[in-house]
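J.:
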Amino acid sequence: MLKMESLSLDITNGSGDVSILKNIDLELENEKFYALTGPNGGGKTSLARVIMGIYKNTRGKLYLDDTDITDFNITERAKAGISYAFQNPPRFKGLKVRDLLKISANNGDDTAYARLRAVGLCPQDYLDRECDNSLSGGEVKRIELATVLSRHSKVIIYDEPEAGVDLWSFEKLLNLIKKYHSRGGVTSIVITHHEKVLSLADEIILMAEGEIKERGNRDRMWNILQGDFRCRWQQNCGGDEDELECYRQ
Numbered sequence: 001m002l003k004m005e006s007l008s009l010d011i012t013n014g015s016g017d018v019s020i021l022k023n024i025d026l027e028l029e030n031e032k033f034y035a036l037t038g039p040n041g042g043g044k045t046s047l048a049r050v051i052m053g054i055y056k057n058t059r060g061k062l063y064l065d066d067t068d069i070t071d072f073n074i075t076e077r078a079k080a081g082i083s084y085a086f087q088n089p090p091r092f093k094g095l096k097v098r099d100l101l102k103i104s105a106n107n108g109d110d111t112a113y114a115r116l117r118a119v120g121l122c123p124q125d126y127l128d129r130e131c132d133n134s135l136s137g138g139e140v141k142r143i144e145l146a147t148v149l150s151r152h153s154k155v156i157i158y159d160e161p162e163a164g165v166d167l168w169s170f171e172k173l174l175n176l177i178k179k180y181h182s183r184g185g186v187t188s189i190v191i192t193h194h195e196k197v198l199s200l201a202d203e204i205i206l207m208a209e210g211e212i213k214e215r216g217n218r219d220r221m222w223n224i225l226q227g228d229f230r231c232r233w234q235q236n237c238g239g240d241e242d243e244l245e246c247y248r249q
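Counted from 1, the sequence shown has number 186 at position 186 by the numbering used here; the numbering is strictly sequential.
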């Protein structure tokens with residue numbers, strides 16, 4: 001179980017202290033599929049990055065299977081079993097895909113071959129390519145997914161897999177996420193605005209203004225997302241069709 005107790009994140013800017021996350025109390029059960037959704041700027045990615053250890057929380061506690069990991073750094077959290085797939089994965093000029101996969105899994109080429117095949121990429125076409133801007137958004141996301149899946153994590157956070165990729169690439173990514181989750185042994189947390197992802201979740205968590213506003217099963221949460229909260233979400237998204245995908249019937 002991943003458990004958060006009064007998890008908070010404050011930052012200081014020119015106007016003073018700003019609360020990004022406000023006393024998050026949340027328990028996520030093992031092997032469930034969670035969709036984390038809500039307006040832009042609501043704290044979803046910040047929460048994910050606090051869980052991963054990219055951001056250091058200001059207050060509160062974080063537990064993984066009864067182990068207090070609040071003071072663990074990124075490497076220690078990865079070893080404990082948490083992985084994070086970025087919305088916009090970093091690119092590394094001069095680093096070959098083969099070497100990135102070796103570093104992430106600490107294994108040889110056999111694993112690299114298997115991981116690329118698992119995400120639908122031909123190893124011969126990609127192992128010696130650099131992880132740079134020559135890769136498309138869909139390609140770099142699938143390569144990152146290959147590194148994430150090689151770790152056999154207990155918890156995987158996917159930050160908006162639909163962002164920056166075409167429809168075909170998104171379908172491929174979503175199928176990979178579904179397939180890996182169905183094998184068992186992993187808790188999946190997907191930050192998303194997309195109806196297809198929301199429809200897969202065991203539970204949907206609605207986040208806004210740095211707080212957990214609602215959580216529940218698909219049917220209950222779908223009514224909430226289609227109801228009073230819709231107006232604020234639409235205003236926040238500015239009518240952008242990609243952001244409002246979850247409202248399509």
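Glycine included, every Cβ here is placed at the ideal spot set by N, Cα and C.
What separation, rounded to the nearest whole angstrom, lies between the Cα atoms of LYS154 and ASN217?
T.: Within the sequence shown, numbered from 1, the residue matching residue 154 stands at position 154. Within the sequence shown, numbered from 1, the residue matching residue 217 stands at position 217. Cα to Cα, the separation comes out at about 22 Å.
J.: Buried or exposed: ASN13, going by 16 or more other Cβ atoms within 10 Å of its Cβ?
T.: The residue given as residue 13 occupies position 13 in the sequence shown. When all chains shown are included, ASN13 counts as exposed.
J.: Quick one: give me the first and last residue of the beta strand (DSSP E) that SER169 is part of.
T.: Locating residue 169 in the sequence shown gives position 169, counting from the first residue. That residue, SER169, is in no beta strand (DSSP E); its alpha helix (DSSP H) goes 167–182.
J.: Could you check what DSSP says for VAL155 in three-state terms: helix, strand or coil?
T.: Position 155 of the sequence shown, counted from the first residue, corresponds to residue 155. VAL155: strand per DSSP, three-state reduction.
J.: As an exercise, report each continuous alpha helix (DSSP H) stretch of at least 4 residues that is fully enclosed by the region 115–163, in chain order.
T.: Within the region 115–163, the complete alpha helix (DSSP H) runs of at least 4 residues are 123–126, 137–149.
J.: Assuming THR37 is part of the beta strand (DSSP E), what are its boundary residues?
T.: Counting from 1 along the sequence shown, the entry for residue 37 is found at position 37. It spans 33–37 - the beta strand (DSSP E) in which THR37 sits, taken as one unbroken run.
J.: Please state whether DSSP places SER8 in a helix, a strand or coil.
T.: Residue mapping note: residue 8 aligns to position 8 of the sequence shown, counting from 1. SER8 falls in the strand class under three-state DSSP.
J.: Is the beta carbon of ALA146 less than 7 Å from the beta carbon of VAL119?
T.: Locating residue 146 in the sequence shown gives position 146, where the first residue counts as 1. Locating residue 119 in the sequence shown gives position 119, where the first residue counts as 1. A contact, by the Cβ cut-off of 7 Å.
J.: Out of SER169, LEU167, VAL197, which one is the CA nearest neighbour of HIS181?
T.: Taking the first residue of the sequence shown as position 1, residue 181 is located at position 181. Of the candidates SER169, LEU167, VAL197, the one whose C-alpha sits nearest the C-alpha of HIS181 is VAL197.
J.: According to DSSP, which residues form a beta bridge with GLU203?
T.: Locating residue 203 in the sequence shown gives position 203, counting from the first residue. TYR34, per the DSSP bridge assignment.
J.: Go ahead and pull the three-state DSSP assignment for ASP65.
T.: As a working mapping, residue 65 is identified with position 65 in the sequence shown. Collapsing the DSSP output to three states places ASP65 in coil.
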